[in-house]
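Numbering (the numbering used here) for the sequence shown: 16 to 158.
Using N, Cα and C, we set each Cβ at its ideal position, and we do this for glycine too.
As structure tokens, the structure follows; a few thoughts come after it.
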Amino acid sequence: MITYQLKCSSGHEFEAWFRNSAGYDEQRATGDISCPMCGDMEVMKALMAPSVGKKGNASVSTHEQRASEVAREVLDAVETIRKHVEDNCDYVGKEFADEARRIHYGETEERGIYGEATPEDNQALDEEGIEVFRIPTAPRRDS
Ligand SMILES: [Zn+2]
């Protein structure tokens, strides 16, 4: 979806949503777009400057903003989990699958561990009934 700032021949400005830019051309050609204030169908695209002066991000739609907020919340949640794991568990690197087995079979101290495991490791552990929690490997943010 895209939003256009439109303007009728009397100078009324209004916003309208379209599937895409072709949708705008189509609806304009069939006279489906009319000014909500005077009904004028002579509409054209106005310059995209509906919120000049608001921190200069007028081109970022609220939808895009919301999407990036959600993405940020998800990343924050992943980092919270990652940090909790790093603070409370032992890092065992590529030994992860072997160490998880030793813990499972009582051959070593029971504790939380984390490390790297291949998809094959994960599947093998799963088949042995060893619970593994996977953290998405999202790229770390610099901030
Ligand atoms: Zn009008």
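E28 by DSSP, collapsed to three states: which one? Taking the sequence shown and counting its residues from 1, the one referred to as residue 28 is at position 13. Correct three-state label for E28: strand.
**Message:** For a test of the three-state rule: what should DSSP assign to I17, helix, strand or coil?
**Reply:** As a first step, residue 17 is located in the sequence shown; it is residue number 2 there, counting from the start. DSSP places I17 in strand when its eight states are reduced to three.
**Message:** Let me make sure I understand the geometry here. Which of C50, M59, K98, G26 has the alpha-carbon closest to that of I150?
**Reply:** If you number the sequence shown from 1, residue 150 lands on position 135. Minimum Cα distance to I150 is reached at K98.
* To do: Express the C-alpha separation of A86 and G108 in angstroms, rounding to a whole number.
  => Residue numbering aside, residue 108 sits at position 93 when the sequence shown is read from its first letter. Residue numbering aside, residue 86 sits at position 71 when the sequence shown is read from its first letter. Those two C-alpha atoms are separated by around 28 Å.
Sheet register partners of I145 (DSSP bridge) = Translated into the one-based positions of the sequence shown, residue 145 becomes position 130. Answer is none; I145 lacks a bridge partner.
(message) For the beta strand (DSSP E) containing Y129, name the first residue and the last one.
(response) Position 114 of the sequence shown, counting from 1, holds the residue named residue 129. Element bounds for Y129: 128-130.
task = Find out if the Cβ-Cβ distance for the pair I118, E110 is shorter than 9 Å.
result = In the sequence shown, residue 118 corresponds to position 103, counting from 1. In the sequence shown, residue 110 corresponds to position 95, counting from 1. For I118 and E110, no; Cβs fall outside 9 Å.
Compute the beta-carbon to beta-carbon distance between I128 and A139, rounded to the nearest angstrom, for a pair I have assumed lies under 8 Å. For the purposes of this step, residue 128 is taken as the residue at position 113 of the sequence shown. For the purposes of this step, residue 139 is taken as the residue at position 124 of the sequence shown. Between A139 and I128 the Cβ distance is about 16 Å, and since that is not below 8 Å, they are no contact.
Exercise. Can you grab the Cα-Cα spacing for the pair T133 / E146, in whole Å?
Key: Working through the sequence shown from its first residue, we reach residue 133 at position 118. Working through the sequence shown from its first residue, we reach residue 146 at position 131. Roughly 15 Å between the two C-alpha positions.
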